[in-house]
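Novice: Below is a structure I'd like to ask you about.
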Amino acid sequence: MKRGDSLYRRLLAWLLLPLLILGSLILLQAWIEARRTSDRAFDRLLEAASLAIAEQVQWQDDRLWLDLPPAALDMLATDAEERVFYSLVDSRGRLITGNAELPGDAREKASDDDTLLYRDIDWQGLSLRQGVRRTRLEDWQLREPFEVRVAHSREGRDALAAELWRANLAMILAMAALAIVALLLAIRAALAPLTRLRRAIRRRDPRTLAPLELRLPRELAELRDTVNELLARMRRVRTNQERFIGDASHQLRTPLAGLSARAELALRQDDPARWREALVAMQATSTRTARLAMQLLSLTRLANPEYRPALEPLALNAIAREAVREHWSACRRAGVDLGVETAAEDVEVRGLDWQLAEAIGNLIDNACRYGASHVTVRVGEAPPSLTVEDDGPGIPAERRRLMLRPFHRDREDLEGSGLGLAIVDGIARAHGARLTLSEGPDGRGLRVALSFTGGPPMNPPGDAP
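Numbering (UniProt numbering) for the sequence shown: 1 to 465.
Structure representation (structure tokens):
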């Protein structure tokens, strides 16, 4: 199985990246400091050499004269075998003596009489570090100015800088290794609670929806609480489903048993009239059973918390007319006067046409089953609403909320599944509509109204906390 991205690797990468950048900056700074330290050390030697040469300059035979001591240049010669050069120049820039004619420094003198200037130069293909000392003779009678120019190649400086940098590099690498080990241990320790949470979830029985009881840090505790909330919702959904399945099986068992009994009784008879009587009863029972099955499927779909269809603009006048047209023939055969009163102008809401048509159909069917002789479907404008009124026996005010529960009927002696109003309530919730049950016209019958207030859809039945 292909594994996805690893949180451990992601944390390691995001923490190692700045660590590597910081380590690179430290190495660069260590190299710069090594070069700077090497330059300071050799500049001190360059200063000492120029001073030793300047102290040996004398005035003899009306000119500057130098008796160069060997130690003056030997101090600049290290094991790296640098090349050392010097020049003695008078105040007019003439070379008095030296082993090379080194260039002068164009920078101005300082205010004192003894000035030492350092600079890096390229001279005859060589990269040199030069020191220029500007001073005067120490004779009190003659203060002749002159320059001592000393330069040497960079082999010794580079060797010392490399040695210092290698020493720093070893220490930096050791510290980096310790930092990486500490980082790996810290990440592993930080992710240990997540590992415990994963193992706890993996060890659970899939049929168990009990909350997780595990001590975790605050960030993971929020994840644990979120999982527990999900498990609580799943427990509620499963409880509703189990109750619904039990009620549905009970409701379907009765008509199916009746069909079987009717068929068995008919098979024992030889009279065709008895056969016809049994077939008529079986046909009525199968019709009720089919309607019950359709209502169960509708209620199951409405009770599904994952079912979130997109709502579309609908014209309530057209939906009301179509629903009345579909049920008019059945109501006429049953002797029920069915009519519709639409709004003067088009009334639009957002919803599903088949659900609103089913809600109207269930209300008309309930009115016909429970003894109504007149049923009216109305469309309101402000606010948009669908209302079904009848002149039947109605429902007492204290029992109206109970009638919204599945399989609950006002009287057990009447035919019906007790799902009609529960389905209408589910459709109202799915559309964010307000469902109200009240007395019908002239204080008789029942008025059921769906008022579309424009709010968001509510939780479907069975998903409410």
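Cβ atoms here follow ideal geometry from the backbone N, Cα and C, with glycine treated the same way.
Taking the beta strand (DSSP E) that G131 falls in, what are its first and last residues?
Specialist: Counting along the chain, the beta strand (DSSP E) containing G131 begins and ends at L126 to R136.
Novice: In the DSSP assignment, find the unbroken beta strand (DSSP E) run with H152 in it and report its ends.
Specialist: Start and end: P145 to S153.
Novice: By DSSP, does R63 sit in helix, in strand, or in coil?
Specialist: Three-state DSSP puts R63 in coil, outside helix and strand.
Novice: Which residues in the same chain have their Cβ closer than 7 Å to the Cβ of G371, if we skip the five residues on either side of it in sequence?
Specialist: Around G371: G392 and P393.
Novice: When we look at the beta-carbon of V280 and count the other beta-carbons within 10 Å, is it buried (16 or more) or exposed?
Specialist: Classification for V280: exposed.
Novice: Measuring CB to CB, does S385 end up less than 8 Å from L450?
Specialist: Contact: yes.
Novice: Below 8 Å CB to CB, which residues in the same chain sit around P313 once its five sequence neighbours on both sides are set aside?
Specialist: Excluding sequence neighbours, P313 sits near E348, V349 and R350.
Novice: Going by alpha carbons, who is nearest to R92 out of D158, V237 and E144?
Specialist: Checked all of D158, V237 and E144; the closest Cα to R92 is E144.
Novice: May I ask you to report which of helix, strand or coil DSSP gives I395?
Specialist: Three-state DSSP puts I395 in coil, outside helix and strand.
Novice: Measuring alpha carbon to alpha carbon, tell me which residue in R196, L7 and I53 is nearest L137.
Specialist: For L137, the nearest C-alpha among the options comes from I53.
Novice: Please state the DSSP three-state secondary structure of L16.
Specialist: Note: L16 maps to helix in three-state DSSP.
Novice: Determine contact between the segment 146-158 and the segment 19-27, defined as no fewer than three beta-carbon pairs at a distance below 8 Å.
Specialist: Cβ pair count under 8 Å is below three, so no.
Novice: Taking just the CA atoms, how far does V132 sit from V148?
Specialist: Rounded to the nearest angstrom, the two C-alpha atoms are 6 Å apart.
Novice: Counting Cβ pairs closer than 8 Å, one from the segment 28-39 and one from the segment 177-185, do we hit at least three?
Specialist: Because the criterion of three Cβ pairs below 8 Å is not met, the segment 28-39 and the segment 177-185 do not touch.
Novice: Under the DSSP definition of a beta bridge, which residues are partnered with A449?
Specialist: T387 and T436, per the DSSP bridge assignment.
Novice: Report, in whole angstroms, the separation of the C-beta atoms of V324 and L363, which I expect to be a contact under 8 Å.
Specialist: Wrong, their Cβ atoms sit about 11 Å apart, outside the cutoff.
Novice: Measure how close the beta-carbons of G380 and A430 come, nearest whole angstrom, since I'm counting them as under 8 Å.
Specialist: Not a contact, Cβ separation roughly 20 Å.
Novice: Could you check whether R405 and A433 sit closer than 8 Å to each other, using their CB atoms as the reference points?
Specialist: In this structure, R405 does not lie closer than 8 Å to A433 by Cβ.
Novice: Determine whether the beta carbon atoms of R203 and L212 lie at a separation below 8 Å.
Specialist: Going by C-beta atoms, R203 is not nearer than 8 Å to L212.
Novice: State yes or no: is the C-beta of I187 within less than 8 Å of the C-beta of L11?
Specialist: Contact: yes.
Novice: So what's G380 in DSSP terms, helix, strand or just coil?
Specialist: Three-state result, G380: strand.
Novice: Is the beta carbon of L209 closer than 8 Å to that of residue 467?
Specialist: Limits of the chain in this structure are 1 at one end and 465 at the other, which puts residue 467 out of reach.
Novice: Just to confirm the assignment, what range does the alpha helix (DSSP H) spanning R107 have?
Specialist: No alpha helix (DSSP H) contains R107, which DSSP labels as neither H nor E.
Novice: Mapping the DSSP letters down to three states, classify E348 as helix, strand or coil.
Specialist: Note: E348 maps to strand in three-state DSSP.
Novice: Could you check if A278 is buried or exposed, using at least 16 other CB atoms within 10 Å of its CB as the buried criterion?
Specialist: Label assigned to A278: buried.
Novice: With DSSP as the reference, label Q58 as helix, strand or coil.
Specialist: Three-state result, Q58: strand.
Novice: Do L191 and A200 have their beta-carbon atoms positioned less than 8 Å apart in this structure?
Specialist: Result no, Cβ atoms of A200 and L191 do not sit closer than 8 Å.
Novice: Cα separation between T195 and R207?
Specialist: Whole-angstrom Cα-Cα distance: 22 Å.
Novice: Anyone know if the C-beta pair for A161 and S38 falls short of 8 Å?
Specialist: Cβ distance < 8 Å, so A161 and S38 count as in contact.
Novice: Should I121 be labelled buried (16 or more other beta-carbon atoms within 10 Å of its own) or exposed?
Specialist: I121 should be labelled exposed.
Novice: Under the assumption that E389 contacts G440 (Cβ atoms under 8 Å), give the Cβ distance between them as a whole number of angstroms.
Specialist: E389 to G440, Cβ: 5 Å. Contact.
Novice: Identify every run of the beta strand (DSSP E) within the segment 141-222, keeping only runs that are complete inside it and at least 3 residues long; order them along the chain.
Specialist: With a minimum length of 3 residues, the continuous beta strand (DSSP E) runs that stay inside the segment 141-222 are 145-153.
Novice: Compare the Cα-Cα distances from L117 to each of D62, L66, S50 and M171 and report the closest residue.
Specialist: When only C-alpha atoms are compared, the closest one is S50.
Novice: Looking at the strands, I want to know which residues DSSP matches up with R85.
Specialist: As written in the sequence, residue 85 is Phe, which differs from the Arg given in the question. Paired residues: A151.
Novice: Let me check one thing: in DSSP terms, what residues is W123 bridge-paired to?
Specialist: According to DSSP, W123 bridges with L126.
Novice: For Y118, which of helix, strand or coil comes out of DSSP?
Specialist: Looking at Y118 - three-state DSSP - the assignment turns out to be strand.
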